[in-house]
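What follows is one structure encoded as structure tokens, with my remarks underneath.
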Amino acid sequence: MTENNMQQQIDQINQKLDLILEEAALQKQNRDTVVDLVDDLSIVGKDAFKGMVESLDNAGIEVDGDEINHMVLNIIRNISNINMLFHTMENLSDLVKDLSPIVRQMGIDATDKFNEFDKKGYFEILNQIGIAMDKTMSRYSKEDIKNLSENMITVIDTMMALTDPAVMRKIEIFATTYKEIDHESVPEYSIWKVMRELNKPDMKKSIGFIMTFLKKINSESARTEKA
């Protein structure tokens, strides 16, 4: 081995030693920085704790050290549950973000539907129904409403009977005929003219219908009273 080769190896070793020394110095500097930070935090923590103790003392609040230790131990013991809670909250936050567009679209659709109902007059109908209900409640007493509820079955039966096609047709004919009559130019009938009209077949049939109708009403009334 020549003298030049030996010198090169020594130079390389010196370079490596310099790098090692620089790395060691950097690590020492980092440790010193961490130690200084811990010391600063310790001072701040002590001051904060001292201030908190003084505030509690001024407020007349007593703190049991054993309870604080027990609380800290519980927090440490349940750290996994706390992490799970945070994870659940993150999942809920993601769910809310995913549902936000859907909820927003549902709100837009609901607003459009309400506007459509408003244009069709549904809300005005509901308003008029409310007014009608107010007038009804102001006109009838609680006793009247109670009687109505007790006889609701009878009322429903009556309404069902009125919805019979034959009955509805008769009502329609009656309403149309009454509307078409000119009440200002109704002819006068004398007794003799009434007698002549009563002898006509259609009038006899009408009288027969009225008599049968009245007899039926009387019969049903008598049966109901006996029951």
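In this text, residue positions in the sequence shown follow the numbering used here: the first is -7, and each later residue adds one.
All residues carry an ideal CB built from backbone N, CA and C; glycine is no exception.
For G43, three-class secondary structure by DSSP: In the structure shown, G43 sits in a helix (DSSP, three-state: H, G or I).
For N73, the first and last residue of its enclosing alpha helix (DSSP H): Counted as a single uninterrupted DSSP element, the alpha helix (DSSP H) harbouring N73 occupies residues 71 to 112.
Sequence-distant residues of the same chain with beta carbon closer than 6 Å to M195, five excluded per side: These residues qualify, in order along the chain: E189.
Three-state class that DSSP yields for Y170 in the structure shown: Residue state, collapsed to three classes: helix.
Pairwise C-alpha distance: T216 and T169: For T169 and T216, the gap between their C-alpha atoms comes out near 33 Å.
K192, DSSP secondary structure in three states: In the structure shown, K192 falls within a coil segment according to DSSP collapsed to helix, strand and coil.
Unbroken alpha helix (DSSP H) run spanning A153, endpoints: Its alpha helix (DSSP H) spans residues 144 to 154.
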